[in-house]
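Taken in order, these protein sequences are the chains called E and R.
The opening position of the first sequence corresponds to residue 133 in our numbering, with each subsequent residue numbered one higher.
The opening position of the second sequence corresponds to residue 131 in our numbering, with each subsequent residue numbered one higher.
Even glycine gets a Cβ: it sits at the ideal position worked out from N, Cα and C.
What follows is a single structure, written as structure tokens, with notes after it.
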Amino acid sequence: DKATNPSNRQEDWEYIIGFCDQINKELEGPQIAVRLLAHKIQSPQEWEAVQALTVLEACMKNCGRRFHNEVGKFRFLNELIKVVSPKYLGDRVSEKVKTKVIELLYSWTVALPEESKIKDAYYMLKRQGIVMF
Amino acid sequence: TVSFHDDSDEDLLNV
């Protein structure tokens with residue numbers, strides 16, 4: 133909540149790194165974290181969603197394979213797909229948030245080729261015309 | 131304590 137608080141004036145890296153540390157400490161950290169992050173990323177408040185995406189990116193860089201495995205499941209990827217798809221939340225979500233989600237997905241297809249479901253999700257969005265370029 | 135490792139997943143959404 134503190135790492136994504138809409139009243140933060142700017143991204144609060146103390147809390148963001150604290151969230152990453154907590155994931156690394158706990159056995160079920162990645163599973164719990166992705167559920168919390170999916171909820172924040174779908175926030176109707178743009179700034180809360182943007183901060184949640186920054187936290188997600190930080191976790192991908194700092195929480196290792198256990199976290200990558202969890203993000204690389206359709207269970208989580210589907211929550212990101214809902215954000216960009218007009219069939220779900222896409223019409224109500226800002227372009228900024230949608231662009232960031234697509235940029236993250238693309239960056240992981242390059243950085244984590246072993247997480248094949250990320251590629252499946254990204255190329256499905258491309259085929260459906262939701263990712264244009 | 132023994133932790134249950136959840137390896138389950140769902141299907142990819144269709145948009």
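Asked                                                                                                                                    : Found
With DSSP run on the structure shown, which of helix, strand or coil describes E/Pro162?                                                 : helix
Check E/Ser248 in the structure and name its three-state DSSP category.                                                                  : helix
What is the C-beta distance between E/Val242 and E/Ala181, in whole angstroms, given that I count them as a contact (C-beta under 8 Å)?  : About 23 Å; that fails the 8 Å criterion.
Closer than 8 Å, Cβ to Cβ, to anything on chain R: give me those residues from the stretch 187-206 of chain E, in chain order.           : Lys205 and Phe206
Residues of chain R with CB closer than 7 Å to the CB of E/Met264, please, in chain order.                                               : Under the 7 Å cutoff, chain R gives no residues; its nearest Cβ is about 14 Å from E/Met264.
Under 8 Å between beta-carbons, which chain R residues line up against E/Gln260? List them in chain order, please.                       : Val145
What are the residues of the stretch 243-257 of chain E that lie near chain R, defined by any Cβ-Cβ distance shorter than 8 Å?           : Lys249, Asp252, Ala253, Met256 and Leu257
Just confirm the distance between the C-beta atoms of E/Cys152 and E/Asn194, as a whole number of angstroms; I'd bet it's less than 8 Å. : 4 Å
So is E/Asn210 in contact with chain R if we call contact Cβ pairs under 7 Å?                                                            : yes
What is the DSSP secondary structure of E/Gln183, counted as helix, strand or coil?                                                      : helix
Return no unless some Cβ of chain R is closer than 7 Å to the Cβ of E/Ser217.                                                            : yes
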